[in-house]
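Colleague: Sharing a structure below in structure tokens format, with a few things to ask.
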Amino acid sequence: MDQIWEPEEYAVIRETPRDYLYGAKATINVWDPEIEGDEMSIAQMWIAAGKYETGNLNTIEVGCQVLPRMYLDNKPRLFVFWTSDSYKHGCYNLKCSGFIQTSSSIVIGGSITPVSSFGGSQYEITILVWRDRISGNWWLSLGSNSSVIGYWPGELFTTLADHAVVAEWGGEILNSASHGQHTKTQMGSGHFPAEGFRNSSYFRNIEMVDKNNSLQTVQDYEKLVTQPECYDIKTAYTDEWKSHFYYGGPGFRSGAVTRVVDTRLWRINLDYHCLSRITDNEYDGAGMAAVAGPSGFTDLKCGGTTEQRRLNRKNRR
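So for the sequence shown, the UniProt record's numbering puts the first residue at 1; every next one is plus one.
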């Protein structure tokens, strides 16, 4: 029997704390995944409140994206995005009023360079979004020194005006099935999580901002994977990287997916320059981290071991 897949596919973790959350943070490994046609591949962080079904889903989204349709190239770019009405309207980068840039140190929508190489040097970007309790604005900072870049005015939002209720971190691709089969668009490095550091892409030091305006390591998260035969995610925890995960995959493999429907195009995105290089000493720690993670982490198979859930914008929030 043929399987039918949604046009967007995900490999993410979701944190829904008992109390409200007021921001999120992560360090994202930067790659330049191969894209099929005019599809897209994203590594990003979502902060959200509200419900898609009632039309009041508000999101703030930040990360790295490859989208030839928008930028006419295959370079990874930093993007910012927001919506306050369940994606009926919204804005990427500085293309309309919304995000206000306060620093000229980076170019919103600019290409990120250098990028990580398979088995070689690794590069990453640290992203922090938090709500200022006095102004009500949501601020963005980038880099290991948390350089402030700009903010989303609080009045842009309804359900996000005071706090968020959920945060997500991970990868997303568009699967348009342009050749009558599942796309070969890569997520992350294009390699499965089991391949580990220098080979598979990662998010590390994943944190949320709590009601006391303090950063807390996420621990009560769930994993959401739409198609583990093509893209997957494996989580771990160590003293150095705290909560982290490897994720991604190559897309289509013979026998994995047979048919795709609904080729709506939902997204477009952006870029930046604020990278730090992983040193050999840090690599040693990361290598041990994978081994010291959850029991059986390095032995997990690439496909079929993670909970599979059909996701789309309607049921992800």
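Note that CB positions come from ideal geometry on N, CA and C, so glycine has one too.
Should the stretch 23-37 be regarded as contacting the stretch 71-86, the criterion being three or more beta carbon pairs within less than 8 Å?
Modeller: yes
Colleague: According to the neighbour-count rule (16 or more other Cβ atoms, all chains shown, within 10 Å of its Cβ), is S243 buried or exposed?
Modeller: Around the C-beta of S243, 16 or more other C-beta atoms lie within 10 Å, and the residue is accordingly described as buried.
Colleague: Return yes when the Cβ of F192 is within less than 8 Å of the Cβ of D232, no when it is not.
Modeller: yes
Colleague: For the stretch 61-68 and the stretch 37-52, state whether three or more C-beta atom pairs, one from each stretch, are separated by less than 8 Å.
Modeller: yes
Colleague: In the DSSP assignment, find the unbroken alpha helix (DSSP H) run with Y71 in it and report its ends.
Modeller: 68-71
Colleague: Does E124 come out as helix, strand or coil in the three-state DSSP assignment?
Modeller: strand
Colleague: Since W31 is in the beta strand (DSSP E), which residue starts that stretch and which ends it?
Modeller: Run containing W31: none; DSSP gives neither H nor E here.
Colleague: Round the Cβ separation of Y20 and V165 to the nearest angstrom and send it over; I've been treating them as touching at under 8 Å.
Modeller: 6 Å
Colleague: Is the separation between the beta-carbon of V225 and that of E15 shorter than 8 Å?
Modeller: no
Colleague: Extract the residue ranges of the alpha helix (DSSP H) inside the stretch 46-95, only unbroken runs of 4 or more that lie entirely within it.
Modeller: 68-71
Colleague: Could you tell me which residues DSSP pairs with S41 in its beta bridges?
Modeller: V66, I173
Colleague: What separation, rounded to the nearest whole angstrom, lies between the Cα atoms of V12 and D239?
Modeller: 22 Å
Colleague: When DSSP labels each residue in this structure, what does L156 get in the three-state scheme?
Modeller: helix
Colleague: Please return the same chain residues whose Cβ sits closer than 6 Å to the Cβ of T235, not counting the five positions on each side in sequence.
Modeller: F245
Colleague: Which residues in the same chain as W152 place their Cβ atom closer than 7 Å to its Cβ, once the five residues preceding and following it in sequence are excluded?
Modeller: Answer for W152: I60, W82, G98, F99, N137, W138, listed in chain order.
Colleague: How is E36 classed by DSSP in three states: helix, strand or coil?
Modeller: In the structure shown, E36 adopts coil according to DSSP, grouped into three states.
Colleague: Strictly by DSSP, which residues pair up with E168?
Modeller: R14, W46
Colleague: Can you name the residues that DSSP bridges to I100?
Modeller: Y151
Colleague: Assign K223 to one of two classes, buried (16 or more other C-beta atoms within 10 Å of its C-beta) or exposed (fewer than that).
Modeller: Flag for K223 reads buried.
Colleague: Alpha carbon to alpha carbon, what distance is there between F203 and T158?
Modeller: 29 Å
Colleague: Decide if D2 is buried, meaning its Cβ has at least 16 other Cβ atoms within 10 Å, or exposed.
Modeller: Residue confidence is low: D2 scores 34 on pLDDT, short of 50, so the model does not pin down where it sits. No coordinate-derived value is stated.
Colleague: Can you look up E229 in the DSSP assignment and give me helix, strand or coil?
Modeller: coil
Colleague: Quick one: Cα of V107 to Cα of L128, how far?
Modeller: 17 Å
Colleague: In chain order, what residues of the same chain lie with their CB nearer than 6 Å to the CB of T185, ignoring the 5 residues before and after it?
Modeller: I35, E36, E39, S41, I173, G251
Colleague: What residues in its chain sit with their C-beta under 8 Å from that of F118, if we drop five residues either side in the sequence?
Modeller: S189, H191, R198, N199
Colleague: Shortest alpha-carbon distance to C230 belongs to which of L156, Y237, G248?
Modeller: It is G248.
Colleague: Inspect the beta-carbon positions of G50 and R131 and report whether they are closer than 8 Å.
Modeller: No, the pair does not count as a contact, with Cβ atoms beyond the cut-off.
Colleague: Just the Cα atoms here: how many angstroms apart are E168 and S105?
Modeller: 27 Å
Colleague: Given a threshold of 16 other Cβ atoms within 10 Å of its Cβ, counted over all protein chains shown, does V115 qualify as buried or as exposed?
Modeller: Counting every other CB atom within 10 Å of its CB across the protein chains shown gives V115 a total of 16 or more, marking it as buried.
Colleague: Could you compute how far the alpha carbon of L142 sits from the alpha carbon of P228?
Modeller: Rounded to the nearest angstrom, the two C-alpha atoms are 31 Å apart.
Colleague: Roughly how far, in whole angstroms, is the beta-carbon of G171 from the beta-carbon of Y71, given that I think they are within contact range, below 8 Å?
Modeller: With a Cβ gap of about 19 Å, G171 and Y71 do not count as contacting.
Colleague: Report buried or exposed for N145, applying the criterion of at least 16 other Cβ atoms within 10 angstroms of its Cβ.
Modeller: exposed
Colleague: Let me know if residue 322 comes out buried or exposed under the rule of 16 or more other beta-carbons within 10 Å of its beta-carbon.
Modeller: As displayed, the chain neither begins before 1 nor continues past 317, which places residue 322 out of reach and without an answer.
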